[in-house]
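From first to last, the protein sequence lines stand for chains S and B.
Be aware that the first sequence starts at 4, since it is given in this note's numbering, and climbs by one per residue.
Be aware that the second sequence starts at 4, since it is given in this note's numbering, and climbs by one per residue.
Positions of the beta carbon are idealized from the N, C-alpha and C atoms, including for glycine.
Okay, structure first, notes after.
Protein chains: 2
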Amino acid sequence: MEQDEWRIVEKGFDPARHEASESIFSLGNGLMGQRANFEEQYSGPSLRGSYIAGVYYPDKTRVGWWKNGYPEYFAKVLNSPNWIGLAVIIEEVSLDLYTARIEDFERVLDMKRGLLTRSFTATLPNGYTVKVKTERFLSMHRPETGVMRFTITPVNFSGNIDFVTGINGNVINEDANYGEQFWNILHTEAWPNRAVLLSQTKKLDFRVALAMNLHLVGKANDIEPTKEEMWSGNVIQVAGVENESIVFTKYVGVCSSLNHPHDQLITSAQKESADALEAGFEHLLKEHEEHWENIWHHSDIKIEGDAAAQQGIRFNIFHLNQTYTGKDERLNIGPKGFTGEKYGGSTYWDTEAYCIPFFLATAPPQVTRNLLLYRYKHLPKAIENAQKLGFTDGAALYPMVTMNGEESHNEWEITFQEIHRNGAIAFAIHNYIRHTGDEQYLDEYGLEVLIAIARFWSQRATFSQVKKQFVILGVTGPNEYENNINNNWYTNKIAVWCLNFTLSSIQKVKKRNPEHFGQLVKKTRLDQKIETKLWQSIADNMYFPFYKEQNVFLQQEGYMDKEQIMAHELNPAIRPINQHWSWDRILRSCFIKQADTLQGIYLFEELFDTETIRRNFNFYEPRTVHESSLSPCVHNILAARTGDVQKAYELYLRTSRLDLDDYNLEVHEGLHITSMAGTWMSIVEGFGGKRVYDDGRLRLAPVIPQQWQAYSFRIHFRGNQLEIKVSKENVEIISHASQKTSLIVYDKPVEINAGESCTIPLNPDFNAK
Amino acid sequence: MEQDEWRIVEKGFDPARHEASESIFSLGNGLMGQRANFEEQYSGPSLRGSYIAGVYYPDKTRVGWWKNGYPEYFAKVLNSPNWIGLAVIIEEVSLDLYTARIEDFERVLDMKRGLLTRSFTATLPNGYTVKVKTERFLSMHRPETGVMRFTITPVNFSGNIDFVTGINGNVINEDANYGEQFWNILHTEAWPNRAVLLSQTKKLDFRVALAMNLHLVGKANDIEPTKEEMWSGNVIQVAGVENESIVFTKYVGVCSSLNHPHDQLITSAQKESADALEAGFEHLLKEHEEHWENIWHHSDIKIEGDAAAQQGIRFNIFHLNQTYTGKDERLNIGPKGFTGEKYGGSTYWDTEAYCIPFFLATAPPQVTRNLLLYRYKHLPKAIENAQKLGFTDGAALYPMVTMNGEESHNEWEITFQEIHRNGAIAFAIHNYIRHTGDEQYLDEYGLEVLIAIARFWSQRATFSQVKKQFVILGVTGPNEYENNINNNWYTNKIAVWCLNFTLSSIQKVKKRNPEHFGQLVKKTRLDQKIETKLWQSIADNMYFPFYKEQNVFLQQEGYMDKEQIMAHELNPAIRPINQHWSWDRILRSCFIKQADTLQGIYLFEELFDTETIRRNFNFYEPRTVHESSLSPCVHNILAARTGDVQKAYELYLRTSRLDLDDYNLEVHEGLHITSMAGTWMSIVEGFGGKRVYDDGRLRLAPVIPQQWQAYSFRIHFRGNQLEIKVSKENVEIISHASQKTSLIVYDKPVEINAGESCTIPLNPDFNAK
C-alpha cells in the first residue's frame with residue numbers, strides 16, 4: 004500500500020488480501036456502515052457485511068459449562084440487507100475479479116472526502132474486456148442515504164451487457180452461534196429503476212426498509228423489475244458500445260425503526276432515495292465532503308516528515324468519525340465499528356477509557372455527552388445486572404459487553420470479575436465535566452450513576468479481619484492475563500476514587516441544587532448517614548498491595564511469587580503468548596497483557612511525582628507483552644510523561660498502523676476501531692502532553708520524536724479550539740476561539756487572545772524532571 | 004419407598020417420580036447397564052438409556068470462548084441400542100402406564116439377587132385389563148447376556164394381543180452437543196423368534212451386535228419377523244385367553260468390538276443369545292444369584308437397628324458392584340455408572356480417591372490393580388496432555404475427565420488447574436501397595452507413572468524469590484469453589500508427597516530390581532542426578548500457607564481475607580449456594596464445596612496428632628457446605644477419628660441415602676455411583692476406624708453411633724478376609740482367612756488364627772485422645 008497522506012491506496016489486486024482490504028476500506032456514517040465488498044459478483048473469499056447502528060440480535064449464548072448469573076443471550080451486531088450489489092454479465096459470464104484477468108486495479112479510500120473508489124480493466128474468461136470505475140459513499144450529511152456509481156466501458160467489443168442490481172435481504176451473520184438466519188423479509192417490490200425491501204429482525208422486531216432509485220447512462224434494451232422472496236431489484240440489458248461508458252448510479256435510502264414508525268418505513272426510505280436521485284451524485288458528494296471538511300477541521304493531526312505516521316493517524320481519525328458521530332445517545336462504539344462482526348459489535352469499556360478522551364478533544368461536548376447518556380439510560384439495566392449477581396439496594400454493575408444495557412458476555416472471569424469497568428464509566432463522567440465544565444450534567448444525570456456505582460463498590464469490598472483493611476477479592480483487572488485475583492491495585496484504586504468522587508459530588512450537588520438533590524435522594528433512597536459513612540470508611544481504609552523492595556505499587560497480591568522473566572527474554576517464536584501458551588501458563592506467568600497498574604497511574608497521574616511514575620513504568624513496561632491493542636498508548640503516554648521520548652515513540656509505533664499494516668494478521672475480521680483512539684491519545688496526550696487535571700485547567704507539555712520534523716493537532720476545550728503546532732524548536736499555540744484562552748504549558752500559565760497565537764520554545768527536558 | 008434391608012420397593016406408580024426410579028432401579032453387570040426403563044411403551048417423561056462399558060463417543064466440544072489447550076472433543080458415554088422393548092397392543096391401543104389406569108403397581112430391585120421385577124394390573128383406555136409381571140437381569144455370570152421375562156394375563160377378556168419386540172438401534176444421547184445421532188446401523192435381520200442388529204458408532208467405529216431369542220408361552224396366531232433400517236424383531240399376535248398367562252422370555256446377547264473381532268460380532272451375539280435360551284431363565288438366574296452371593300460375601304455391611312441405613316449401604320454396595328467388576332483394565336467407573344449420561348460417563352479422580360479404598364477392602368487385589376493399570380496404560384496420553392500445556396521431558400498430567408486417556412473437560416479452571424488429580428493417581432499406587440503388599444506393581448508399572456508425575460510437579464512449582472520457597476501458583480484444589488488460587492495447601496501437600504514417594508520408590512526399585520530399574524531409566528531418560536536433586540529440593544522447600552492465630556493449615560493464601568461466615572449462619576433458602584449464588588460470589592466467599600485441607604489430613608492422617616486434626620476439623624467443618632456428594636465422608640472419617648461420633652453420624656447421614664431419598668432432586672439424571680464408595684468409607688473407615696498406614700499394618704478403632712445396635716463389615720487384607728462385628732459393648736473380629744492375621748485394634752497388636760475370632764471391648768473414647 005502506498006503511503007499517501009490523505010488516501011489509502013491499493014494497487015494491484017491480491018485475492019489473499021481482499022478480506023483485509025474489505026475491512027480497511029470500510030465506509031460508515033455513524034448510522035450505517037459497510038465493509039468494502041465489491042459491487043459486482045465476487046466468488047473468492049469475502050466477508051460481506053453491512054451494518055445498521057443500533058440494530059442487533061440477541062443470539063442464544065453458547066457456553067461449555069453454565070454458571071449461575073450467565074446471560075442467556077449474546078447481543079450481536081447484525082449483518083443487514085445489502086444494497087451495493089450490481090452483477091455484470093456478458094454473454095452469460097459474470098464479471099468476477101476472482102476469475103477475470105485484471106489490469107490496473109486500484110482501490111482508493113479518500114479520507115479527506117470520505118469516498119471509496121475503485122478502477123480496473125478486467126478481461127473475462129470468455130475474452131471480453133471491460134474498464135470499470137466505481138465510486139461509493141455513505142452520506143454524512145444525509146445519514147440515511149447511500150450512493151454508488153458504477154461506470155463500465157466495453158474495451159474490445161460492442162454488444163449486450165446484462166446487469167442485475169437491487170437490494171438483497173438474504174444475509175447471514177458469520178458469527179451466528181447456531182447458524183440461523185436473523186432476518187425475516189416482510190416485503191419486496193420492484194418497478195423500472197426502483198425497488199424496495201422491508202426487513203425485520205427475528206426476536207426483537209427491528210425493522211429496516213431499503214429503497215433504491217437507479218439512474219442509467221446508456222441504452223437499455225430491457226428493464227425488468229424483479230422481486231423475489233428476499234430480493235428486489237431490476238434486471239437490465241444495456242446495448243454496450245465499444246469505448247462508450249455505461250454509468251449506473253444507485254441512490255439508496257435506508258431507514259430503520261429506531262428512527263421511523265413501522266408504517267412509514269417504506270415511504271421514508273423511498274423518499275430518501277428519491278430525494279437523493281433528485282439531488283444527484285455530484286451534489287450529494289459535495290455535501291458529504293463539506294461535512295468531512297468540518298470534521299477534519301476539528302480533529303486533524305498533521306505530522307511532517309513521516310508519511311506513514313501521517314497516513315496512519317488520519318486513517319484512525321477517519322474511522323473513528325465514520326463509526327460514531329455523537330448524534331444519537333442510543334448508539335455507541337463497537338470495538339470493530341461497522342467493519343466486522345467480531346466481539347458482537349457491542350459496547351465495551353473501551354468507549355469510556357479510550358474513545359471519550361478522543362471525542363472530548365476533537366468534537367463538540369454533545370458528542371461525549373451522548374456517550375455518557377447512553378450509560379445513564381442503561382442504569383436500570385446495570386442495577387438489574389448487579390441484582391443477578393446478588394447485589395442489592397440499587398447497586399449497579401455495568402455490563403462488560405452490551406448492546407442494550409444487559410450483559411452479554413459469558414466468561415465468569417470477565418463478566419463477573421472484570422468489574423473495574425464500573426470505575427471507567429464513573430471516571431468518564433468526571434473526565435467529561437472537568438474537560439467541558441458542564442457541571443450540570445453531574446446534577447442531572449451523573450450523580451445518580453455515581454451513587455449506584457458507589458453502592459456496588461461498597462458491597463463488593465470486604466473487610467479483612469487479618470489485614471484490618473478493606474480488600475476487593477476475586478477480580479480480573481485490565482490485565483486479563485490474571486483472573487480471580489485479590490486486590491488488583493488498579494481496581495482498588497478506581498473503587499476508592501469512585502467512592503470519594505461520589506461523596507464529593509453529593510456535597511456539591513446538595514449545595515448548589517438542593518431541590519434536585521432532594522429528589523435524587525428520594526429516587527435512589529440514599530441513606531446520607533449510613534451509606535456515605537460506609538463509603539468514606541472503605542475509601543479511607545482500602546488495602547493496596549505494594550512491593551517494598553522496589554518501591555512500586557504491586558499489580559495484585561502475590562504477583563512477586565511469580566517467576567520474574569522480562570518480555571524481551573521470551574523467544575519471539577512463542578509470541579504472542581496468547582497464541583502459543585495454554586491459559587493456565589499465561590495466568591501463572593508474570594506477563595501483563597495490557598496496562599493495568601500503569602492504567603491507574605495514567606488515570607490519576609497528578610497524584611504521583613515523576614520519580615514514582617518512572618519507577619512503576621520501569622517495573623511494569625518490561626513485563627508487559629501488549630497483547631491488547633489498547634495497551635501501548637498508555638505506556639506511550641507515561642514514557643513521554645517521564646521524558647523518555649524514544650521509548651514513547653517505540654510504543655507509539657506498536658499501534659499507529661496496526662490495521663493498515665495488519666501487524667497481527669487479523670484485519671480481515673475488522674478494524675480495531677476503539678484502539679484507534681489510543682493512537683490519537685499517544686500523539687496528543689503522549690507527545691503533546693495534553694492534560695486536564697482535576698483543577699479543570701488545560702495543560703500541554705509537548706515533546707517531539709526525533710523521527711518527525713513537526714506535528715500539529717487541534718483541541719476542543721471549554722468551547723474554544725486551539726491548534727497546537729510542535730516543531731523541533733517551538734510550540735506554537737493558535738487560538739481558533741472567540742474568547743481568551745488560559746492554559747498551562749510546561750507548568751507555566753499562558754493566555755492567548757481570541758484568534759491570536761503564541762510561541763514557546765520546545766522544552767524537551769521538562770518531563771524528565 | 005419401603006425400607007427393606009435387601010430390596011428397593013416402589014409401591015404405586017407416580018409418573019413424576021418415574022425418571023428418578025429409572026435411575027434408582029438401574030441394572031448393570033460391569034460390561035453393560037441400563038436404566039430401569041419399562042419394557043412396554045411409555046409415553047410419559049422417561050430417559051431411556053442402555054450403555055455398554057468402554058463404548059464412547061468424542062462429541063465436538065461446546066465452548067463459549069476458546070482457550071489454548073482446550074480439548075476438541077468431549078468423550079461421552081453412549082446411549083446404545085436397546086433390547087428390552089416389548090410393545091403390547093390390544094385392539095389397537097398400546098399398554099402404556101402413562102395412559103392406563105394402574106392398580107397394585109410394584110417395582111422391586113432385589114439387591115441380593117440382582118433382579119429387577121415389576122408387577123401391576125392395568126386397564127387400558129379401551130377397557131381391557133391385563134395383569135403384568137416383568138423380571139429382568141443382566142447376567143453377572145455371563146456378562147454378554149441379558150434376560151427379561153414378561154408375563155401378561157388378560158383379566159377381563161379373551162382375544163388377540165399384538166406384541167412387538169426386538170432390538171432398537173434408533174437411539175440418541177440426551178446430552179448430544181449438537182443434537183446428532185451417534186450410531187450407524189450396519190445390519191438388521193429377523194427370523195421367527197430371532198433377530199439381530201449390528202451397530203457402529205460414528206467417528207470411532209466401535210461396533211456392537213445384539214441378538215435375541217424369544218421364547219413364548221401362549222398361542223401365537225402369527226409371528227412376523229420384521230426388519231427396518233434401525234430395528235429388527237418380531238411382530239407377534241397371540242390369542243389371549245382370560246386368566247391365562249402369556250409369557251415372553253427374551254434372551255439377548257450383546258457383543259462389542261472391545262471383546263470380539265468385527266467379523267465375529269454377529270455370530271458371537273447370536274451364540275450368546277442361543278446359549279442363554281438353551282440354559283433357560285431359571286438356570287441363568289441361579290448362576291447370576293450365585294455370583295451376587297459371592298459379592299455380598301466379600302462386601303456386605305450389616306447394620307442392626309436402622310433399616311434405612313441398612314438399605315442405604317446395601318444399595319450403594321450393590322450399585323458399585325454393578326458398575327465395575329474389575330475384570331477389564333480398559334474400563335473404569337463413571338460418576339453415574341450406567342445410570343445416566345451426566346458427566347459424560349468418564350473417569351474422574353473419584354476413582355482413585357473414593358472407589359479404590361472401597362474395592363481394595365471388598366474385592367480381590369486384581370480389581371484395584373486393573374484400575375491402576377487403566378491409568379498406567381494412559382500414561383502416554385497423560386504425557387501428551389502435559390505437552391499440550393507446555394510441559395516437557397516426559398512430565399505427565401492425567402486428565403480431569405477422560406474416556407481414553409485424553410482430556411475431555413473444557414473449563415480452564417478445572418482442566419488446566421485442578422491438577423491435584425495427578426496426586427490422587429500417584430497416591431492410589433501407594434495405597435494399593437501398602438494394602439495388598441504387591442510391591443512388584445511398583446517395579447513393573449508404578450514407578451514409571453510416579454516419575455512422570457514427579458516431573459510434572461517439579462515443572463509446575465515455581466521458586467518464589469520473595470518467599471525463598473517453592474510455590475504452586477494458579478490451581479483449583481478439591482474445593483472447586485475457589486479457582487486460580489495460589490498455594491492450595493492440599494495441592495502443595497500432595498505434590499510434596501508425590502516427589503518424596505517417587506524418590507523413595509526409585510531407591511527401592513533400584514535396590515531390589517536393578518536390571519528393571521536400568522531399563523526404566525533408559526525408557527524414561529531419568530537423570531538421576533539433576534532431576535532427583537531438584538525434586539528433593541522442591542519437596543524440602545515447599546511453602547505451606549498457615550494461619551497462626553488459630554494454629555491451622557490454611558486452605559490457600561489469602562483465605563483469611565474473606566468474610567468469615569459459618570455455613571450454619573446461611574439462610575437455608577439460599578442453599579445449596581451453587582443454585583443461588585453467582586459464581587463470583589461463591590468464589591469470594593469462605594464457603595468450601597468439599598473437603599480440601601481436610602482431604603489432605605485424611606490422606607496423610609498418620610502425620611498429624613489428634614489435636615491437630617481436631618483443630619483443623621473444627622476450623623474447616625463449619626465453613627464447608629458439602630455441595631459435593633464426595634465431601635461428607637471425609638469429614639465423617641475425621642470426626643470419628645477425633646472421637647466425635649455424633650458429628651460423624653450427622654455427616655454420614657448426608658450421603659447415606661443421597662440417591663434413595665433424592666436429597667438434591669437430581670436422581671433422574673442418574674445415581675452418584677462414585678459417591679457411594681464414600682458412604683462405605685464412612686462406615687468402615689469412619690465408624691470402623693479401618694486404616695492401613697505406611698507401615699502396611701491393618702488398624703481398627705471402632706466406635707458405634709448411638710442410633711445403631713450393631714454393625715458389621717468385611718475387609719480384604721493381604722489375602723485374608725476379616726469380618727468385624729461392632730456392638731455397643733464389643734468388637735468381634737472373625738477370621739475367614741487361611742492363615743494367621745495380625746492387626747492393630749485401638750493401637751494394640753492383635754493376632755487371630757485362621758478361622759478363629761477374637762473379641763475386644765469397645766473403646767469409644769480411644770479416638771478422642
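Can you check which of these residues, B/Gly-221, B/Gln-325, B/Leu-400, is closest to B/Leu-34 by C-alpha distance? Nearest neighbour of B/Leu-34 by Cα position, chosen from B/Gly-221, B/Gln-325, B/Leu-400, turns out to be B/Gln-325.
Between which residues of its own chain and B/Ala-214 is the CB-CB distance below 6 Å, once the five residues before and five after are set aside? So the list reads Val-199, Gly-256, Ala-272, Gln-273, Ser-276, once near-sequence residues are dropped.
What first and last residue would you give for the beta strand (DSSP E) that runs through S/Glu-192? First-last of the beta strand (DSSP E) with S/Glu-192: 186-194.
Using DSSP with H/G/I as helix, E/B as strand and the rest coil, what is S/Gly-52? Residue state, collapsed to three classes: coil.
Quick check: the region 259-269 of chain B against the region 296-307 of chain B, are there 3 or more CB pairs under 8 Å? Touching, no, given that fewer than three Cβ pairs across the two stretches are closer than 8 Å.
Taking only the alpha-carbon atoms, compute the straight-line gap between B/Ile-676 and B/Ile-336 and give it to the nearest angstrom. If you draw a straight line from the Cα of B/Ile-676 to the Cα of B/Ile-336, it comes to about 8 Å.
Here's a check: name, in chain order, each residue in its chain whose Cβ is nearer than 7 Å to the Cβ of B/Glu-177, leaving out the five neighbours to either side. Excluding residues within five positions, the ones whose Cβ falls inside 7 Å are Leu-50, Glu-344.
Can you name, in chain order, every residue of its own chain whose Cβ lies under 7 Å from the Cβ of S/Asn-486, other than the five neighbours on each side? Within the same chain, S/Asn-486 has close Cβ partners Glu-416, Gln-420, Thr-479, Leu-590.
If we call anything under 8 Å between Cβ atoms a contact, is B/Tyr-327 one with B/Leu-375? No.
If we require 3 or more residues per run, which beta strand (DSSP E) segments fall completely within the region 468-497 of chain S? Counting only runs of 3 or more, we get 472-474.
Close-in-space but distant-in-sequence residues of the same chain around B/Ala-771 (CB under 7 Å, 5 per side omitted): The residues Thr-645, Gly-646, in chain order, have a CB closer than 7 Å to that of B/Ala-771 in the same chain once the five nearest residues on each side in sequence are set aside.
Length of the line joining the Cα atoms of B/Ala-223 and B/Ser-83: Cα-Cα distance, rounded: 30 Å.
Beta-carbon of S/Thr-64 versus every beta-carbon of chain B: anything under 8 Å? Chain B contact via Cβ: present.
Let me know the secondary structure DSSP gives B/Cys-593 once reduced to three states. Collapsing the DSSP output to three states places B/Cys-593 in coil.
Can you list, in chain order, the residues of its chain whose CB lies under 8 Å from that of B/Pro-625, leaving out five sequence neighbours each side? So the qualifying residues of the chain are Met-569, Ala-570, His-571.
Starting from the beta carbon of B/Phe-68, find every residue of chain S whose beta carbon is closer than 7 Å, and list them in chain order. The displayed chain sequence assigns Trp, not Phe, to residue 68 of chain B. Contacts between B/Trp-68 and chain S, judged by CB atoms closer than 7 Å, involve Glu-414 in chain order.
Restricting to Cα atoms, I'd like to know which of B/Ile-188, B/Phe-16, B/Ile-164 is closest to B/Glu-773. Not covered by the structure: residue 773 of chain B. The range shown for chain B is 4 to 772.
On the three-state DSSP scale, how would you describe S/Val-91? Looking at S/Val-91 - three-state DSSP - the assignment turns out to be strand.
How would you call S/Val-670, buried or exposed, if buried means at least 16 neighbouring beta carbons within 10 angstroms? So S/Val-670 ends up on the buried side.
Give the interface partners of S/Gly-477 over in chain B, defined as CB-CB distance under 8 Å, in chain order. Within 8 Å Cβ-Cβ: Asp-587, Leu-590, Arg-591.
How many Å lie between S/Leu-765 and S/Ile-707 at the Cα? Computed Cα separation, rounded: 9 Å.
Taking only beta-carbon positions, decide if B/Thr-465 is within less than 8 Å of chain C. The structure shown has no chain C; the protein chains it does contain are S and B.
Using Cβ-Cβ distances below 7 Å, what residues of the region 489-503 of chain S are close to chain B? Within the region 489-503 of chain S, the residues whose Cβ lies closer than 7 Å to some Cβ of chain B are Asn-489, listed in chain order.
Go ahead and pull the three-state DSSP assignment for S/Tyr-666. S/Tyr-666 falls in the coil class under three-state DSSP.
Under the DSSP definition of a beta bridge, which residues are partnered with B/Thr-762? Answer by DSSP bridge pairing, in chain order: B/Glu-735.
Over what stretch of residues does the beta strand (DSSP E) that includes S/Thr-677 continue unbroken? Counting along the chain, S/Thr-677 falls outside any beta strand (DSSP E), though it belongs to the alpha helix (DSSP H) covering 676-684.
If we cut at 8 Å on Cβ distances, does S/Val-392 have a partner in chain B? It should be pointed out that residue 392 of chain S corresponds to Leu in this sequence rather than to Val. Closer than 8 Å to some Cβ of chain B, the Cβ of S/Leu-392 qualifies, so yes.
Between the C-alpha atoms of B/Leu-776 and B/Ile-11, what's the straight-line distance to the nearest angstrom? No answer is possible for residue 776 of chain B: the residues shown for chain B start at 4 and end at 772.
Between the CA atoms of B/Ile-320 and B/Ser-760 - distance to the nearest angstrom: Going by the C-alpha atoms only, they are around 25 Å apart.
Short CB-CB distance (under 8 Å) between B/Phe-419 and chain S: Taking Cβ atoms only, chain S reaches closer than 8 Å to B/Phe-419, which makes this a yes.
Hey, how far is the Cα of S/Lys-596 from the Cα of S/Pro-548? When rounded, the separation of the alpha-carbon atoms in S/Lys-596 and S/Pro-548 is 19 Å.
Out of B/Arg-660, B/Pro-767, B/Leu-654, point me to the one whose CA is closest to B/Leu-703's CA. Shortest Cα-Cα distance from B/Leu-703 to any of B/Arg-660, B/Pro-767, B/Leu-654 involves B/Pro-767.
Please give me, in chain order, every unbroken run of the alpha helix (DSSP H) with length at least 4 that falls completely inside the region 512-539 of chain B. Unbroken alpha helix (DSSP H) runs of no fewer than 4 residues, entirely contained in the region 512-539 of chain B, are found at 517-527, following chain order.
Would S/Glu-688 be called buried (16 or more neighbouring beta carbons within 10 Å of its own) or exposed? By the C-beta density criterion, S/Glu-688 is buried, having at least 16 other C-beta atoms within 10 angstroms.
For S/Leu-219: DSSP bridge partner residues: According to DSSP, which records beta bridges pairwise, S/Leu-219 is partnered with S/Phe-251.
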